[in-house]
Amino acid sequence: MYKLRYILLCIALLGFSCKREKLDDQQFVQKYLIGKWNTPFYVKIDLKNGDTLKKDTVKFKPADTIFFTPSQKFVKHNDSIGFQIDAAGENITFMTNPDSTWYIPYVRTTYFKLIHSRKVVSGNDTFYYSIEQQFYR
Numbered sequence: 000m001y002k003l004r005y006i007l008l009c010i011a012l013l014g015f016s017c018k019r020e021k022l023d024d025q026q027f028v029q030k031y032l033i034g035k036w037n038t039p040f041y042v043k044i045d046l047k048n049g050d051t052l053k054k055d056t057v058k059f060k061p062a063d064t065i066f067f068t069p070s071q072k073f074v075k076h077n078d079s080i081g082f083q084i085d086a087a088g089e090n091i092t093f094m095t096n097p098d099s100t101w102y103i104p105y106v107r108t109t110y111f112k113l114i115h116s117r118k119v120v121s122g123n124d125t126f127y128y129s130i131e132q133q134f135y136r
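Everything in the sequence shown is counted per numbering that gives the first Met the number 0, starting at 0 for the first residue and increasing by one.
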């Protein structure tokens with residue numbers, strides 16, 4: 000019985016001694032992205048009026064390696080591009096010309112996904128272009 004009390008007391012002290020830090024979604028995503036990521040492929044989808052024009056999966060052999068730095072830089076090969084995450088942590092904007100905004104549908108323990116899409120209306124036709132890219136640790 001004495002050992003059980005001692006163990007419960009240690010667990011309670013450990014729980015209360017841990018520093019609790021409130022993070023908003025933007026801070027969480029920024030801290031999560033920092034580091035080295037591999038991207039083995041991306042999927043490109045082109046639609047015209049809801050019909051698939053082109054669906055293409057591009058595989059990189061070997062997988063591309065990219066870095067997100069603490070100073071908010073995206074580094075791929077020798078290129079370094081600034082990025083910014085919105086307050087909700089749902090979109091990432093790369094500082095290119097023109098700016099490129101990607102949607103972050105999910106962030107998991109060892110991978111996350113980015114989607115870039117745009118819609119173009121030309122006459123009676125509606126074109127939808129989408130690129131999906133997954134990143135793995």
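We put the beta carbon where it would ideally sit given N, CA and C, even for glycine. Keep in mind the model is a prediction, meaning the values are calculated, not measured.
- Here ILE10 carries a helix assignment [DSSP, helix/strand/coil].
- Within 10 angstroms of the beta-carbon of LEU32 lie 16 or more other beta-carbons, which makes it buried.
- In this structure, the CA atom of THR38 is about 5 Å from the CA atom of ASP63.
- With 16 or more other Cβ atoms from the protein chains shown falling within 10 Å of its own Cβ, VAL28 counts as buried.
- Per DSSP, the beta bridge partners of LYS53 are ASP45.
- Beta bridge pairing from DSSP links VAL74 with PHE66 and SER79.
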